[in-house]
Amino acid sequence: RVFDTREALLDAAISLANVIACKSPIAVQGSKINLNYARDHTVDDNFTFVVC
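FYI, the working numbering numbers position 41 of the sequence shown as 48, with every residue one higher than the one before it.
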């Protein structure tokens with residue numbers, strides 16, 4: 008997203024941080040692991056990684 012002002016950007020960032028903070032720490036950690044793996048691997052490799 009593109010924001011018109013710095014304040015709007017900070018408000019959106021804080022809002023997103025609150026949403027993430029309300030999630031289970033294990034779910035957030037698992038999502039981060041999967042996203043980091045997906046960044047450096049093919050789609051097929053990622054499917055195999057997630058299933059295992």
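Even for Gly, the Cβ is constructed at its ideal location relative to N, Cα and C.
Please read all numbers here as calculations on a predicted model, not as lab measurements.
Extent of the continuous alpha helix (DSSP H) run through residue i
i, result
"residue 11", "Per DSSP, residue 11 belongs to no alpha helix (DSSP H) and is neither H nor E."
"residue 55", "50-58"
"residue 31", "Neither: residue 31 is in no alpha helix (DSSP H) and is coded neither H nor E."
Beta-carbon proximity of residue i to residue j, cut-off 8 Å
i, j, result
"residue 44", "residue 56", "yes"
"residue 19", "residue 10", "yes"
Residue i: CB within 7 Å of a non-hydrogen atom of the ligand NAD
i, result
"residue 55", "This structure does not include the ligand NAD; it has no bound ligands of any sort."
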